[in-house]
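Encoded as structure tokens, the structure appears first; notes follow it.
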Amino acid sequence: MQSLKKGLLLSLILTLGILSNRAEAQVGRKNLSGFDNKTFHFGFIISGNKSDFSFSLREDTTFSSGLMGISNAPQGGFNLALLGSAKLGRHISLRFVPGLSFQDRGLNYTFMEDGEIDVILKRTEAVNLDLPLLFKIRTDRLTNFAAYALVGGKFSKDMQSQENVNQQLENDDILRIDASNYSIDLGAGVDIFLPFFKFAIEIKTELGMRDVLIQDNNNFTDPIEDLKTRSYIVSLCFEG
Numbered sequence: 031m032q033s034l035k036k037g038l039l040l041s042l043i044l045t046l047g048i049l050s051n052r053a054e055a056q057v058g059r060k061n062l063s064g065f066d067n068k069t070f071h072f073g074f075i076i077s078g079n080k081s082d083f084s085f086s087l088r089e090d091t092t093f094s095s096g097l098m099g100i101s102n103a104p105q106g107g108f109n110l111a112l113l114g115s116a117k118l119g120r121h122i123s124l125r126f127v128p129g130l131s132f133q134d135r136g137l138n139y140t141f142m143e144d145g146e147i148d149v150i151l152k153r154t155e156a157v158n159l160d161l162p163l164l165f166k167i168r169t170d171r172l173t174n175f176a177a178y179a180l181v182g183g184k185f186s187k188d189m190q191s192q193e194n195v196n197q198q199l200e201n202d203d204i205l206r207i208d209a210s211n212y213s214i215d216l217g218a219g220v221d222i223f224l225p226f227f228k229f230a231i232e233i234k235t236e237l238g239m240r241d242v243l244i245q246d247n248n249n250f251t252d253p254i255e256d257l258k259t260r261s262y263i264v265s266l267c268f269e270g
């Protein structure tokens, strides 16, 4: 998984460099002049993500187990998605972007036992089927460039969820996360019109709306009041 992530990141950087140079070389000529006249467009998106949790602790937490604190341990991942876009007006369109996201997250639990500090990492690994609907609000074109903002919502289903795992059969306690989730998606990007397709670079934040933690009455779930997902995503979009 780690080698795949590194390879994807390298591919993203190389692609970005090549396409940016091509756009700069043709900045004086308007590419795809009839692109905005079409109602529907299709493409695909390749992304890298950094994911963690947004959480709060119970006010009555006693830390009697020796727990001193809990902190985030963000993990990297990647996304692959198809893109369908419908033009609603001159500056606004509706996007449907079904895809898969590979999102790992972690929490560091710091315990004090017999005068020694022990940090235990609890990781979660998700392969999500994502079904987002996003509004894209775009500026007018400046030759071959245009800026845009994204806002919308998403439903996600973890295809390898451990929500039904029996903790009594496990050698070690795991963080069980609900398989279903909803999020608000906010982002921005830049469209680059190339001779044969439109390329875009975008950044996005996904903020989970549900408490996804399944309480198991152990040292790892008892201190947590609520646990929500959070992701930061950098994407390369290819659209025709």
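Residue numbering for the sequence shown follows the numbering used here, starting at 31 and increasing by one per position. In this text, a Cβ means the ideal position worked out from N, Cα and C, and glycines have one as well.
Run through DSSP, which three-state label would residue 248 get?
Note: residue 248 maps to coil in three-state DSSP.
- Message: Using 8 angstroms as the threshold, is the C-beta distance between residue 241 and residue 209 below it?
- Response: Cβ distance not < 8 angstroms, so residue 241 and residue 209 don't count as in contact.
Practice task
With DSSP as the reference, label residue 66 as helix, strand or coil.
Solution key: Three-state DSSP puts residue 66 in a helix.
8 angstroms Cβ shell around residue 100 - same chain, five flanking residues per side excluded | Its chain contains 85, 87, 137, 138, 139, 140, 253 and 254 as the residues whose beta carbon lies nearer than 8 angstroms to that of residue 100, once the 5 sequence neighbours on both sides are disregarded; these appear in chain order.
Margin query: Considering only their Cβ atoms, is the gap separating residue 77 from residue 263 smaller than 8 angstroms?
Written below: The Cβ-Cβ distance between residue 263 and residue 77 falls below 8 angstroms.
Kindly confirm or deny that the segment 158-168 and the segment 179-193 touch, where touching means at least three C-beta pairs closer than 8 angstroms.
The segment 158-168 makes contact with the segment 179-193, as at least three CB pairs between them are under 8 angstroms.
Check your understanding: Are at least three pairs of beta-carbons, each pair with one atom in the segment 120-136 and one in the segment 100-110, less than 8 angstroms apart?
Key -> Counting C-beta pairs closer than 8 angstroms gives three or more between the segment 120-136 and the segment 100-110, which meets the contact rule.
Fill in: Range covered by the beta strand (DSSP E) that runs through residue 118
Run containing residue 118: none; DSSP gives neither H nor E here.
Discussion item. Do residue 166 and residue 135 have their beta-carbon atoms positioned less than 8 angstroms apart in this structure?
Written reply: Result no, Cβ atoms of residue 135 and residue 166 do not sit closer than 8 angstroms.
- Message: Below 8 angstroms on the Cβ atoms is my contact criterion, and I expect residue 236 with residue 260 to pass it. Report the Cβ-Cβ distance as a whole number of Å.
- Response: Right, the Cβ-Cβ distance comes to about 7 angstroms (below 8 angstroms), so this counts as a contact.
*asked:* On the criterion of 16 or more Cβ atoms from any shown chain inside 10 Å, does residue 149 qualify as buried, or is it exposed?
replied: Taking every protein chain shown into account, the CB of residue 149 has fewer than 16 other CB atoms within 10 angstroms, so this residue is exposed.
Check: CA-CA distance, residue 239 and residue 103?
Finding: So the two alpha carbons sit approximately 20 angstroms from each other.
Where residue 115 and residue 63 are concerned, what is the direct C-alpha to C-alpha distance, given to the nearest angstrom? Taking the straight line joining both Cα atoms gives about 18 angstroms.
task = Can you grab the Cα-Cα spacing for the pair residue 142 / residue 97, in whole Å?
result = Using only the alpha carbons, I get a separation of about 6 angstroms.
- [ ] Tell me, to the nearest whole angstrom, how far the beta carbon of residue 223 is from that of residue 270; I am working on the premise that it is less than 8 angstroms.
- [x] Actually they do not touch by this definition, with Cβ atoms about 11 angstroms apart.
Exercise for the section: Using alpha carbons as the reference points, say which of 70, 81 and 90 lies closest to residue 154. Expected result: Nearest in C-alpha terms to residue 154, of all of 70, 81 and 90, is 81.
Notebook entry, point to check: What number of angstroms, rounded off, separates the C-alpha of residue 267 from the C-alpha of residue 230?
Noted result: Whole-angstrom Cα-Cα distance: 5 angstroms.
**Prompt:** Does DSSP put residue 60 in a helix, a strand or coil?
**Reply:** Three-state result, residue 60: coil.
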